[in-house]
Each structure stands twice: as C-alpha cells, then as structure tokens.
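Colleague:
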C-alpha cells in the first residue's frame, strides 16, 4: 500500500508543471488569445527562479521571480498581438524560440550549480501516518499550491462576474467591446496571467522537482500543456486529470528502469510525446465538440476600428 | 496621442521594409547587449558580423550553413502560405538524416556513383514520411498540426539517439554514440577548394527556383495561396482543403529531409546524436523574415547563417557564449512581427476630440 501511495505522490509531482502551464494557458485562451509561447515562458521562468534561488539562497524568492519573468515575457507577446495586431501563431512561435535562446544564454553559468530546493512537506506525526500520511501531507508545497490554483480558476471562471467577462471577451470581443468592456486590457491581463503560471510551472521544475538548471529542461512540456488545453476541451478539471495522466506516463520511464526492465531508455522517453499525439487525435476527431467548447474568437486579432 | 489606423490596402512597401527594419533593430539590440556585457561594442560587432566572412573559408561556411536554412524555409513557406503550420521541420530533417545515413551505412563498402543519389532520395522520403504523419492526423482526425509536428521532433531525435547508441553504433568508435564515417562515395563533392562548401548549395538553389515556379505558375501553387489568403473563397471554388494540407506538409517534409541528408553527407560525414544546431527552428524565422518569398528566403538564410557564424566567432574571439545566437534569432523575429504592423496599419497622431459643450 505504501508503494501505491508513493506512486501517487510521484505522479502528482510529475504532473504539476503541466497543471500550472495548462491552467494558465486555459485562462489566456478563454479570453480568445492563443499563446504558443508556453515552452519559452516555462524555460525563462525556470532559469530565472533558479538564478534567483542560487543567489539569494531563497527558493521561494526564486518562485516569485520565475512568475514575474514568465509574465514579463508574455507581455512581449501581448504587445505584439494585442497592440500591434501581429499574427498570434507566429508571435507565439517567436516567443518560444526566443525563450529557449534567452534561457540558454542567461543560464549558462548555472548549469552545475546546486541550490537548496523546496522539499516535500514533512509534518511530524501526520506525514508519518501509514498510507494516508504521504498521500495527504507528503507533497511538495507547490503541488498544494497548484491544486489551490485549480480551485481558484474554476471558481473565477464560472462563479464570478470578472470570469464571465473574460469568457465573454473570448466568445465575442465585438459584443464585449460594444457593451463597453476594455477588450485589449482584459486580454493583456489574461495573457500575463498565463505567462505567470507558465513561469511558475518552470520554476517548480527548477527549484522543486528536479531541482537543477539544464538547457531546455522543460523538454516540450510547454507544448504538451498546449495540447492538454485542447484535450480538456477548455475545462479546468479535465486539465487536472490530463496533467496527472501525463505525469504518470513520464514516470513510467523511471519506474521501468527502477524495476530493471531491459529496453533502451529512448523508447520510454518517447512515450509522453507519442501519448500527446494519440490523445490529440482522439479528442480532435470530434470536430463539433471542439468547435462547441473552444472560445469562438480564439486566435483572431481584434481591433475596435475594423 | 498615437493611434493605429487601418490602411485601406496592405502596403507592399512596408512589407519589404519590415525585414530591413527588423534586421537593423536586432543589430542595435546586439550593440546594446555587447556594451552591457562589458565588451567594446565595435570590436564585438566586428567579431560577430564581419570577421567570420573575411576569409574564403568563412564565405564557404556562410553558404554552407545557409544551404539547409534556405532549403527548409522554402519548403515551410509553401505550407505557411496555405495556413499549414508545420513547425516540426527539425524532426523531418532528423528523419531525412536517418534515412539517408541508413543507406550510406548499408552501402558502406560500395564505390558506386549511385550511392549518393539513393541517399538523397531516401532522405527526401524520410522527411516526407515524417511530414505525412501530421498531415494524416490533421486530415483524418482534425488534430492540430502545430502540436503533432512538434511532438514528432522529440520522437525523431530519440530515434536517432536510439540508433547511434545501439544498432548503428560504430564498433570501433570507443563506445562513442556515433556511426561509422561514411565512405567517399556517400559524401557530397565539395564545390570550392579549401572550404567545406558542397554541391548541396546548388541543389538548394534549384529547389528554391522550383518552389518559385510551383507557387507562382502552377495551379496547385495558386490553389495553396488562395487557401491561405481566403479559406472561405477556396472552399467555395472547390479547392480541396485536404490536398492543401497534404501538399504543404509533404513539401515541407521533403525539403527538410533533403537538408538533413545533406548535412550528414556533407559537413558531418556520419550519424551523430545531434545532426542539426536547430536549423529546423531557425528556418521558421528565415521563412518569415524572407516574407515567404523564395528570393527573400535566400537573403534571410544568409543573414541567419551569419548569426550562427557570429555566435561561433564571438565564442572564440570574445569569450561570449554561442547561445547568444538563439537570442538574436528570437529578437529578429520579434522585431519583424512588430514592424509588420505597418503593412496593415499606419500611425496617426490623433488629437483628442473636442468635447461637445452643453448649451
């Protein structure tokens, strides 16, 4: 039983970067903006948090810096697509390419640096309880935070007026504009929220999960997060489920090696990517469901004059 | 207050000016970056952008690195014009290298002049196969080709890693993950003595010319352009959206595959765990900076190649990390996208409207 509990703890830990990145992207997309730069924002968040954690000895300060860096980077995307009406697909790609380059550049001197990471909780007595101890009280604080974020987003989008406005902007910016809502400002905020979340996901990897900095360490998780949003048909709880599913797949690699299964590691490393492709194909197959659930103005620029 | 005002017609002039503006802005950023890093900016500037091409060898390297970039970019541009967003060229390149390299290793002992053509064809087929997967998933299952083609990059890289660590590893290679060196018959002939420049450049230029003819003069090319500019009109005119996706992905895959096999049959000469310093991604930027136009792409590929060379030179001469190349690549694309605003909009100085005075 303890082994099963341990496996669940590990799965949640592996899925958490995806939870952060995909929930952030969900809010961005709900406002009608498609930001393909998640991978770049995650990497910049990761490297920033790592550098700050290494220089200040405070991993939590690092996490805050990672979020700020992700938001700052997303602001470039915001200016391009929301103020300068640039193509969202091209701008998002640019953001990812830039983020990969920028993080590699600034992180160069930190590749073999060791930091004090954020470690999983150990509460006396509680965490030591058999089975449920680890399950309830043995996660990384950032894992709990991601669950909190999920609840907050679910509540915000479907239970608050502000959330309704965000969704309205995503469905029909023309109508929202006509009623008098500041479409561009709302979209800016949604984009920056997505950036901060992606940065947080990267920071979690750099100062809690791994914890180290390696060039390109997110290994495509930003892109998987984008696929997750489609997979979840833009529903927060399905993002959570999908993220842990992928966390489990990532884990299979280490588990198999641990059990001494003799197949080249590359096959297992391919699994998350192949799983993403298969899942995407299965979900997208129902074109009507995608059209129904996707924010109607997703990816389309909005200029009040035209 | 400055205000963006929609132009009645897109400006052609702005379209051609914006890559120049973007390149200039990137240079200025480079200048500032060098200064901030405590280097003499003029010296750094010289080392980065001029020194690499002051020798014949350097010019050869410039053209050598521009070759895969223009090849891939011209293939991607065909798709982008039709709104087919293939961003997995890096994977298609890797597959091309695997297929072409496989032929080279299979005919290791042969001296036949047919080995090289077979390799090139195999490389093209490999790239096309890898491009066909996202095309199939898009046309059959409606799966977004951006995400599937990118996921396949990781799968291709891992496949190559699997091969050079396993079945194709050189038994006399001291356990390094690399294949045997290709035989002479499997290598592309050099074009310029004293340089590494090979005939792949001529192949690439021929492909660029063919792409121009295809997009400008052929019916299929015309249909692809219409699909990109006005999907509804294309649909109304009976242009098959499926065919457009297939064509876009296959052309992109074929070109990237050819670039991949040209790398392993050219400057690399064997299979290694990594056969490209991100050419497949840099080519996306080349395609945009080149305005998806063959001639523009050739010029943009030279600029991008210079960024690669400059990065290497800066590392040797200035002790700057070569990662600065990636930074410049991204910056260039940002500035281009920003400058593109002037194609559809113009800046107007808007005076605050006079408030109506209540009588």
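Protein chains in written order, with my numbering: chain D, 1 to 306; chain B, 307 to 665. All C-beta atoms in this analysis are idealised placements derived from N, C-alpha and C, irrespective of residue type, glycine included. Predicted model, so just to flag it, every value in this text is computed and none were measured.
Since residue 496 of chain B sits in a beta bridge, which residues does DSSP pair it with?
Modeller: In the second chain, the residue the question calls residue 496 of chain B occupies position 190. Paired residues: B:504.
Colleague: Residues of the stretch 615–638 of chain B with a CB closer than 8 angstroms to any CB of chain D: list them in chain order, please.
Modeller: 627, 629, 630, 631, 632, 633, 634, 635, 636, 637
Colleague: Classify residue 652 of chain B as helix, strand or coil using the three-state DSSP reduction.
Modeller: Here the question's residue 652 of chain B lines up with position 346 in the second chain. Three-state DSSP puts residue 652 of chain B in a strand.
Colleague: Would you say residue 248 of chain D and residue 88 of chain D are within 8 angstroms of each other, going by their C-beta atoms?
Modeller: Along the first chain, read from residue 1 onward, the residue named residue 248 of chain D stands at position 248. Along the first chain, read from residue 1 onward, the residue named residue 88 of chain D stands at position 88. Result no, Cβ atoms of residue 248 of chain D and residue 88 of chain D do not sit closer than 8 angstroms.
Colleague: In chain order, what residues of the same chain have a beta carbon less than 8 angstroms from the beta carbon of residue 268 of chain D, not counting five sequence neighbours either side?
Modeller: As a first step, residue 268 of chain D must be located in the first chain, where it is residue number 268. Hits under 8 angstroms: 252, 253, 256, 257.
Colleague: With 8 angstroms as the threshold, decide whether the Cβ of residue 179 of chain D is near any Cβ in chain B.
Modeller: For the purposes of this step, residue 179 of chain D is identified with residue 179 of the first chain, where counting begins at 1. For residue 179 of chain D, the answer is no, since every Cβ of chain B falls outside 8 angstroms of its Cβ.
Colleague: So, is the C-beta of residue 472 of chain B closer than 8 angstroms to a C-beta in chain D?
Modeller: In the second chain, residue 472 of chain B corresponds to position 166, counting from 1. Chain D contact via Cβ: present.
Colleague: Helix, strand or coil, according to DSSP, for residue 309 of chain B in the structure here?
Modeller: Within the second chain, the letter at position 3 stands for residue 309 of chain B. Reduced to three states, the DSSP call for residue 309 of chain B is strand.
Colleague: Among the candidates B:529, B:500, B:616, B:626, whose CA atom is the shortest distance from the CA of residue 554 of chain B?
Modeller: As a first step, residue 554 of chain B is located in the second chain; it is residue number 248 there, counting from the start. It is B:529 whose Cα lies nearest to the Cα of residue 554 of chain B.
Colleague: Applying a beta-carbon distance threshold of less than 9 angstroms, which residues of chain D neighbour residue 450 of chain B?
Modeller: Numbered from its first residue, the second chain carries residue 450 of chain B at position 144. The answer, in chain order, is 226, 227, 230, 280, 284.
Colleague: For residue 615 of chain B, which option in B:324, B:368, B:360, B:630 has the closest C-alpha, if you only look at C-alpha atoms?
Modeller: For the purposes of this step, residue 615 of chain B is identified with residue 309 of the second chain, where counting begins at 1. The candidate whose alpha carbon is nearest that of residue 615 of chain B is B:368.
Colleague: Looking only at its chain, what residues have a beta carbon closer than 6 angstroms to the beta carbon of residue 437 of chain B, apart from the 5 residues adjacent to it on each side?
Modeller: Taking the first residue of the second chain as position 1, residue 437 of chain B is located at position 131. Answer for residue 437 of chain B: 398, 555, 556, 558, 559, listed in chain order.
Colleague: List the residues of chain D that residue 391 of chain B touches, going by C-beta distances under 7 angstroms, in chain order.
Modeller: Residue 391 of chain B sits at position 85 when you count from the first residue of the second chain. Going along chain D in sequence order, the residues near residue 391 of chain B (Cβ under 7 angstroms) are 89.
Colleague: Given a threshold of 16 other Cβ atoms within 10 Å of its Cβ, counted over all protein chains shown, does residue 474 of chain B qualify as buried or as exposed?
Modeller: Mapped onto the second chain, residue 474 of chain B falls at position 168. Residue 474 of chain B comes out buried.
Colleague: Assign residue 471 of chain B to one of three DSSP states: helix, strand, or coil.
Modeller: On the second chain, residue 471 of chain B is found 165 positions in, with the first residue counted as 1. Under the three-state reduction of DSSP output, residue 471 of chain B falls in the helix class.
Colleague: Just to confirm, are residue 362 of chain B and residue 500 of chain B a CB contact at a threshold of 8 angstroms?
Modeller: To locate residue 362 of chain B, count along the second chain from 1; it is residue 56. To locate residue 500 of chain B, count along the second chain from 1; it is residue 194. Going by C-beta atoms, residue 362 of chain B is nearer than 8 angstroms to residue 500 of chain B.
Colleague: Nearest CA to the CA of residue 219 of chain D: which residue from D:32, D:175, D:270, D:261?
Modeller: Numbered from 1 along the first chain, position 219 holds the residue referred to as residue 219 of chain D. That would be D:270, whose Cα lies nearest to the Cα of residue 219 of chain D.
Colleague: Are any of the Cβ atoms in chain D nearer than 8 angstroms to that of residue 646 of chain B?
Modeller: Within the second chain, residue 646 of chain B is the residue found at index 340, counting from 1. It does; some Cβ of chain D falls within 8 angstroms.
Colleague: By the DSSP assignment, the alpha helix (DSSP H) with residue 215 of chain D in it spans what residues?
Modeller: Here residue 215 of chain D corresponds to residue number 215 of the first chain, with the count starting at 1. No alpha helix (DSSP H) holds residue 215 of chain D; DSSP gives it neither H nor E.
Colleague: How should residue 523 of chain B be labelled, buried or exposed, when 16 other C-beta atoms within 10 angstroms of its C-beta is the threshold for buried?
Modeller: The count along the second chain starts at 1 and reaches residue 523 of chain B at position 217. So residue 523 of chain B counts as exposed.
Colleague: State the DSSP-derived secondary structure class of residue 35 of chain D, mapped to helix, strand or coil.
Modeller: Along the first chain, read from residue 1 onward, the residue named residue 35 of chain D stands at position 35. If DSSP states are grouped into helix, strand and coil, residue 35 of chain D belongs with coil.
Colleague: Roughly how many angstroms separate the alpha carbons of residue 233 of chain D and residue 151 of chain D, rounded to a whole number?
Modeller: Counted from its first residue, the first chain places residue 233 of chain D at position 233. Counted from its first residue, the first chain places residue 151 of chain D at position 151. Roughly 18 angstroms separates the two Cα atoms.
Colleague: If you drop the 5 nearest sequence neighbours on each side, which residues of the same chain put their C-beta closer than 7 angstroms to that of residue 373 of chain B?
Modeller: Taking the first residue of the second chain as position 1, residue 373 of chain B is located at position 67. Around residue 373 of chain B: 506, 507, 510, 568.
Colleague: With a threshold of 6 angstroms on Cβ separation, who are the neighbours of residue 610 of chain B within its own chain once the five nearest residues in sequence on each side are excluded?
Modeller: If you number the second chain from 1, residue 610 of chain B lands on position 304. For residue 610 of chain B, same chain residues with a beta-carbon under 6 angstroms away, outside a window of 5 residues either side, are 375, 588, 592 in chain order.
Colleague: Of the choices B:494, B:540, B:578, whose alpha-carbon is the least far from that of residue 483 of chain B?
Modeller: Taking the second chain and counting its residues from 1, the one referred to as residue 483 of chain B is at position 177. The shortest C-alpha separation from residue 483 of chain B is found at B:578.
Colleague: Could you check if residue 183 of chain D is buried or exposed, using at least 16 other CB atoms within 10 Å of its CB as the buried criterion?
Modeller: Position 183 of the first chain, counted from the start, is the residue given in the question as residue 183 of chain D. By the 10 Å Cβ count, residue 183 of chain D comes out buried.
Colleague: Along the chain, where does the alpha helix (DSSP H) containing residue 82 of chain D start, and where does it finish?
Modeller: Taking the first residue of the first chain as position 1, residue 82 of chain D is located at position 82. Looking at the DSSP string, residue 82 of chain D is not in any alpha helix (DSSP H), and its letter there is neither H nor E.
Colleague: If I'm right that residue 517 of chain B touches residue 380 of chain B with Cβ under 8 angstroms, what's the distance once you round it to whole angstroms?
Modeller: What you label residue 517 of chain B is simply residue 211 of the second chain in a count that begins at 1. What you label residue 380 of chain B is simply residue 74 of the second chain in a count that begins at 1. Rounded, the Cβ-Cβ distance is 5 angstroms, consistent with contact.
Colleague: Indicate whether residue 246 of chain D and residue 211 of chain D have their beta-carbon atoms separated by less than 8 angstroms.
Modeller: Position 246 of the first chain, counted from the first residue, corresponds to residue 246 of chain D. Position 211 of the first chain, counted from the first residue, corresponds to residue 211 of chain D. For residue 246 of chain D and residue 211 of chain D, no; Cβs fall outside 8 angstroms.
Colleague: For the stretch 94–105 of chain D and the stretch 622–642 of chain B, state whether three or more C-beta atom pairs, one from each stretch, are separated by less than 8 angstroms.
Modeller: yes
Colleague: Give me the residue from B:654, B:653, B:608 with the minimum Cα distance to residue 359 of chain B.
Modeller: The count along the second chain starts at 1 and reaches residue 359 of chain B at position 53. B:608 is the residue among B:654, B:653, B:608 whose C-alpha sits nearest the C-alpha of residue 359 of chain B.
Colleague: Tell me whether the beta-carbon of residue 435 of chain B lies closer than 8 angstroms to the beta-carbon of residue 401 of chain B.
Modeller: Start at 1 with the first residue of the second chain, and residue 435 of chain B comes out as number 129. Start at 1 with the first residue of the second chain, and residue 401 of chain B comes out as number 95. Contact: yes.
Colleague: Relative to the C-alpha of residue 316 of chain B, which candidate in B:626, B:655, B:648 has its C-alpha closest?
Modeller: Along the second chain, read from residue 1 onward, the residue named residue 316 of chain B stands at position 10. Looking at the Cα atoms, B:648 is the closest of the given residues.
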